[in-house]
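Enquirer: The structure's right below; bear with me while I get my questions together.
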Amino acid sequence: MEYDYSCSSLSIVLIIDLLRVDYDKILGVVRMQRYSRFILAAVAILGIAAIPTINMINDRASRSDESVNKEHLGDKASFKNKNLDIAVFQGGYGPEYWNEITEKFEAAYPGVQVHLTISPRIGDVIRPQIVAGNPPDFLAISDTEQSGIMASLVKEKGLMDITDVFEEKALDSDQRLKDMILPGILESKRFSPYSDGQIYMAPFNAAPMGLIYNKKLFKDKGWKLPETWDEFFALDEELKKPENYAVDENGHKIKRALFTYQGIYPEYLEEILYPSLANSAGIAQLKKIFSYEPGSFKTEPVKKVLDTLAKLGTGGYLMNGTVGLNHTQSQTDMMLGKAVFIVNGSWMENEMKDSPREEGFEFGMIPVPVFHKGDERYILSSYEQFAIPLKAKNPELAKEFLKFLYTEESVILFAKKSNGTFALKGAQELSRNYLTPGVYEMFSAYEGATAITQEWNIIPKQSKEDMRNQLFKKAITPIMTGKMTTEEWMNQVENAFADIQANMIEPY
315 MEYDYSCSSL SIVLIIDLLR VDYDKILGVV RMQRYSRFIL AAVAILGIAA
365 IPTINMINDR ASRSDESVNK EHLGDKASFK NKNLDIAVFQ GGYGPEYWNE
415 ITEKFEAAYP GVQVHLTISP RIGDVIRPQI VAGNPPDFLA ISDTEQSGIM
465 ASLVKEKGLM DITDVFEEKA LDSDQRLKDM ILPGILESKR FSPYSDGQIY
515 MAPFNAAPMG LIYNKKLFKD KGWKLPETWD EFFALDEELK KPENYAVDEN
565 GHKIKRALFT YQGIYPEYLE EILYPSLANS AGIAQLKKIF SYEPGSFKTE
615 PVKKVLDTLA KLGTGGYLMN GTVGLNHTQS QTDMMLGKAV FIVNGSWMEN
665 EMKDSPREEG FEFGMIPVPV FHKGDERYIL SSYEQFAIPL KAKNPELAKE
715 FLKFLYTEES VILFAKKSNG TFALKGAQEL SRNYLTPGVY EMFSAYEGAT
765 AITQEWNIIP KQSKEDMRNQ LFKKAITPIM TGKMTTEEWM NQVENAFADI
815 QANMIEPY
């Protein structure tokens, strides 16, 4: 289902969308209260990366990993008998962490009751609340979430300025929160979208995203991990040898495909597109693209990247049927050996923990290949987001909850329950004993690579364009099936840039 968030009023935008919601598709909604909790089965995709900082670990070493230092908690009396309404997107990390951390918050703040709504279709679920001017108090939803609800709130300035939270000390240490966050995150467009020096979204977890492969398969076959695109495509010659075939569910030997992706969610290919653009065109050019600069997407270095993506689809390297598969189907097929590589983030292991796989399957991840040996390698990092709506009923309680999420107890709980890492300095090492070897191993993809993130400027309210549509939804399947040329793809994106530039009326 597609949504159009181009109107100048958030209420109008959301009311129009509300009329288009198919409530039969809003499945797996979970309304979790203190005495009523249910488990959700549906799963979607989300995002981890952490830079070890021993100072943070040493600063907290003497504190228990099971309880927050109560004397650092806020003015609990002012929060007594208040309700906190939280909405969470459920993706690959599952609901267990959220079930437990909200219970711990209630225990730490007597009289507070948390109402937790968690769903893989959370945007559709909370839209009626937002339309009615009664949004949840706290959102754990990214601006890349499928419904577009967060992107609309950003576009319409519907989020609260939370800069003050990051100037305050943590609940369990004497550090200011902003000094605990991984470098460069709070200043980025993802979290300070209006170039006014203020913070409107807070980082949740951090995840490396690259090419996932079966480490055991490569070890058993003696294959070298590809560093360049030439080496990547050359690996297909090995896959043509019968001794390297996989065995399907019917016991038949089949040739492994070189690559697959989450076909009906083509946005996953950003994990190839952006790092490859940085490699081919340069970081400065990538920033021009993120700023919709005319002509920035129609250059030879850009075409080189798009031609490589087209080659993946039309050159015989793509797993049959990929374009019609969802994320769990394509990921399962890859784990069964039907494809050697798939794009994804380090959360894939947790998301697919109960899925079938080749015997001895071991998760590994590498950065996207480069065009020339010795080129600087780039890897895309995913940062999920927290936010507080401007019309939240209990904003101060929501801010206190945000600080509670950044405690050591919460960081460790997330590692234990979700096999993930917060976007905090030292969080990877702090979580090391609780992460599976596969997830911890995937962090090695950062070694020798430069981490980048997508930082699109806000699209003006007057423009109807959606760059995720133009870059992925309206292009990837036609490109992969040979029904669109890369020249047409470039023109499509440039036309979108022109519309956006023509509507640059209101500065942010």
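Be aware that the sequence shown starts at 315, since it is given in this note's numbering, and climbs by one per residue.
Where is the CB? At the ideal position from N, CA and C, for every residue including glycine.
1. Can you grab the Cα-Cα spacing for the pair lysine 766 / alanine 421, in whole Å?
2. Run through DSSP, which three-state label would phenylalanine 573 get?
3. Rounded to whole angstroms, how far is the Cβ of tyrosine 720 from the Cβ of methionine 494, which I believe are closer than 8 Å?
4. For isoleucine 362, name the three-state secondary structure that DSSP assigns.
5. Is there contact here, the stretch 613 to 627 with the stretch 669 to 677, by at least three beta-carbon pairs under 8 Å?
6. With methionine 679 as the anchor, note down where its beta strand (DSSP E) starts and where it stops.
7. Going by DSSP in three states, leucine 500 sits in which element: helix, strand or coil?
8. Would you tell me roughly how many angstroms separate the C-alpha atoms of asparagine 817 and isoleucine 772, rounded to the nearest one?
9. Assess, as a yes-or-no matter, whether the stretch 646 to 656 is touched by the stretch 564 to 575 under the definition of 3 or more beta carbon pairs within less than 8 Å.
10. Return the first residue and the last residue of the alpha helix (DSSP H) that tyrosine 692 is part of.
11. Since histidine 429 and isoleucine 400 should fall inside the 8 Å C-beta cutoff, what is the C-beta to C-beta distance between them, to a whole number of angstroms?
12. Just tell me which of Ala624, Lys625, Thr628, Glu665 has its CA closest to the CA of serine 644.
13. Which residue wins for smallest C-alpha separation from glutamate 755, given the options Gln512, Ser461, Pro522?
14. What residue from Asp451, Arg435, Pro442 has the CA that sits closest to lysine 707's CA?
15. Applying the criterion that 16 or more other CB atoms from any shown protein chain within 10 Å of the CB defines a buried residue, is valine 561 buried or exposed?
16. Where does the unbroken beta strand (DSSP E) through serine 433 begin, and where does it stop?
17. Between the C-alpha atoms of asparagine 733 and serine 433, what's the straight-line distance to the nearest angstrom?
18. So what does DSSP say about threonine 542, is it helix, strand or coil?
19. Using 8 Å for Cβ pairs, my map puts glutamine 460 next to glycine 437. What's the rounded Cβ distance?
20. Does the structure place the stretch 685 to 698 close enough to the stretch 772 to 791 that three or more beta carbon pairs sit under 8 Å?
21. Please report the residue range of the beta strand (DSSP E) in which valine 654 lies.
22. Which residue wins for smallest C-alpha separation from threonine 799, given the options Val445, Leu623, Gly472?
23. If glycine 627 and methionine 794 are in contact, beta carbons under 8 Å, what's the gap, nearest whole angstrom?
24. So what does DSSP say about isoleucine 568, is it helix, strand or coil?
25. Can you list, in chain order, the residues of its chain with a C-beta nearer than 7 Å to that of alanine 810? Leave out the 5 residues immediately preceding and following it.
26. So what does glycine 524 bridge to, in DSSP terms?
27. Quick test of the definition: if touching needs 3 or more C-beta pairs under 8 Å, does the stretch 679 to 689 touch the stretch 581 to 590?
28. Run the CB neighbour count on aspartate 478, radius 10 Å, all protein chains shown included, and call it buried at 16 or more, exposed below.
29. Check for me: the alpha helix (DSSP H) holding isoleucine 455 runs from which residue to which?
30. Unbroken alpha helix (DSSP H) runs of length 4 or more, entirely within the stretch 719 to 768: which are they?
31. Do the stretch 506 to 524 and the stretch 532 to 539 meet, that is, are 3 or more Cβ pairs less than 8 Å apart?
32. If you follow the beta strand (DSSP E) that alanine 789 is part of, which residue opens it and which one closes it?
33. Could you tell me the distance, in whole angstroms, from the CA atom of lysine 730 to the CA atom of glutamate 722?
34. Would you tell me roughly how many angstroms separate the C-alpha atoms of phenylalanine 419 and phenylalanine 393, rounded to the nearest one?
35. Got a sec? Which residues, its chain only, sit under 6 Å from glycine 659 by beta carbon, not counting five neighbours each side?
36. Exposed or buried, histidine 686, counting other C-beta atoms within 10 Å across all chains shown (16 or more means buried)?
Expert: Based on what the coordinates show:
1. The count along the sequence shown starts at 1 and reaches residue 766 at position 452. The count along the sequence shown starts at 1 and reaches residue 421 at position 107. The question names lysine, but residue 766 in the sequence shown is isoleucine. One C-alpha to the other measures close to 38 Å.
2. As a position in the sequence shown, residue 573 is number 259, starting the count at 1. In this structure, phenylalanine 573 counts as strand in the three-state DSSP scheme.
3. Translated into the one-based positions of the sequence shown, residue 720 becomes position 406. Translated into the one-based positions of the sequence shown, residue 494 becomes position 180. Their Cβ separation, rounded to whole angstroms, is 7 Å, which keeps tyrosine 720 and methionine 494 in contact under 8 Å.
4. Here residue 362 refers to the residue found at position 48 of the sequence shown. The pLDDT assigned to isoleucine 362 is 35, lower than 50, so where the model puts this residue is not dependable, and the model offers no usable value.
5. no
6. As a working mapping, residue 679 is identified with position 365 in the sequence shown. Residues 677 to 680.
7. The residue you call residue 500 lines up with position 186 of the sequence shown. Leucine 500 falls in the coil class under three-state DSSP.
8. Within the sequence shown, numbered from 1, the residue matching residue 817 stands at position 503. Within the sequence shown, numbered from 1, the residue matching residue 772 stands at position 458. For asparagine 817 and isoleucine 772, the distance between alpha carbons rounds to 12 Å.
9. yes
10. For this step, residue 692 is matched to residue 378 along the sequence shown. Run containing tyrosine 692: none in the alpha helix (DSSP H); it sits in the beta strand (DSSP E), 691 to 700.
11. Along the sequence shown, one-based indexing puts residue 429 at 115. Along the sequence shown, one-based indexing puts residue 400 at 86. Contact flag correct, Cβ pair sits at about 7 Å.
12. In the sequence shown, residue 644 corresponds to position 330, counting from 1. The shortest C-alpha separation from serine 644 is found at Glu665.
13. The residue given as residue 755 occupies position 441 in the sequence shown. Of Gln512, Ser461, Pro522, the residue nearest in Cα terms is Pro522.
14. Working through the sequence shown from its first residue, we reach residue 707 at position 393. Ranking the options by Cα distance to lysine 707, first place goes to Asp451.
15. Stepping through the sequence shown from its first residue, residue 561 is reached at position 247. Flag for valine 561 reads exposed.
16. In the sequence shown, the residue the question calls residue 433 occupies position 119. Taken as a continuous stretch (DSSP letters only), the beta strand (DSSP E) holding serine 433 covers 427 to 433.
17. Here residue 733 refers to the residue found at position 419 when the sequence shown is read from its first residue. Here residue 433 refers to the residue found at position 119 when the sequence shown is read from its first residue. Near 19 Å, if we compare the C-alpha coordinates of serine 433 and asparagine 733.
18. On the sequence shown, position 228 is the one that residue 542 refers to. Threonine 542 falls in the strand class under three-state DSSP.
19. On the sequence shown, residue 460 is found 146 positions in, with the first residue counted as 1. On the sequence shown, residue 437 is found 123 positions in, with the first residue counted as 1. With a Cβ gap of about 7 Å, glutamine 460 and glycine 437 count as contacting.
20. no
21. One-based indexing of the sequence shown puts residue 654 at position 340. Note, valine 654: beta strand (DSSP E), 653 to 659.
22. As a position in the sequence shown, residue 799 is number 485, starting the count at 1. Among Val445, Leu623, Gly472, the Cα nearest to that of threonine 799 is on Leu623.
23. The residue given as residue 627 occupies position 313 in the sequence shown. The residue given as residue 794 occupies position 480 in the sequence shown. With a Cβ gap of about 3 Å, glycine 627 and methionine 794 count as contacting.
24. What you label residue 568 is simply residue 254 of the sequence shown in a count that begins at 1. Of the three classes helix, strand and coil, the one that applies to isoleucine 568 here is strand, per DSSP.
25. Locating residue 810 in the sequence shown gives position 496, where the first residue counts as 1. Excluding positions up to five away in sequence, the list reads Glu779, Met781, Gln784.
26. Here residue 524 refers to the residue found at position 210 when the sequence shown is read from its first residue. BP columns for glycine 524 point to Asn658.
27. yes
28. Residue 478 sits at position 164 when you count from the first residue of the sequence shown. Counting Cβ neighbours within 10 Å, aspartate 478 comes out exposed, since fewer than 16 surround it.
29. Within the sequence shown, the letter at position 141 stands for residue 455. Isoleucine 455 -> no alpha helix (DSSP H), and no H or E assigned at all.
30. 722 to 732, 741 to 745, 751 to 756
31. no
32. As a position in the sequence shown, residue 789 is number 475, starting the count at 1. Segment: none, alanine 789 is in no beta strand (DSSP E) and carries neither H nor E.
33. Reading the sequence shown from its first residue, position 416 is the one you call residue 730. Reading the sequence shown from its first residue, position 408 is the one you call residue 722. Cα-Cα distance, rounded: 12 Å.
34. For the purposes of this step, residue 419 is taken as residue 105 along the sequence shown, with counting starting at 1. For the purposes of this step, residue 393 is taken as residue 79 along the sequence shown, with counting starting at 1. Looking at the two C-alpha atoms, the distance is approximately 12 Å.
35. Here residue 659 is taken as the residue at index 345 of the sequence shown, counted from 1. Answer for glycine 659: Gly361, Ala521, Met523, Ser696, listed in chain order.
36. Stepping through the sequence shown from its first residue, residue 686 is reached at position 372. Flag for histidine 686 reads exposed.
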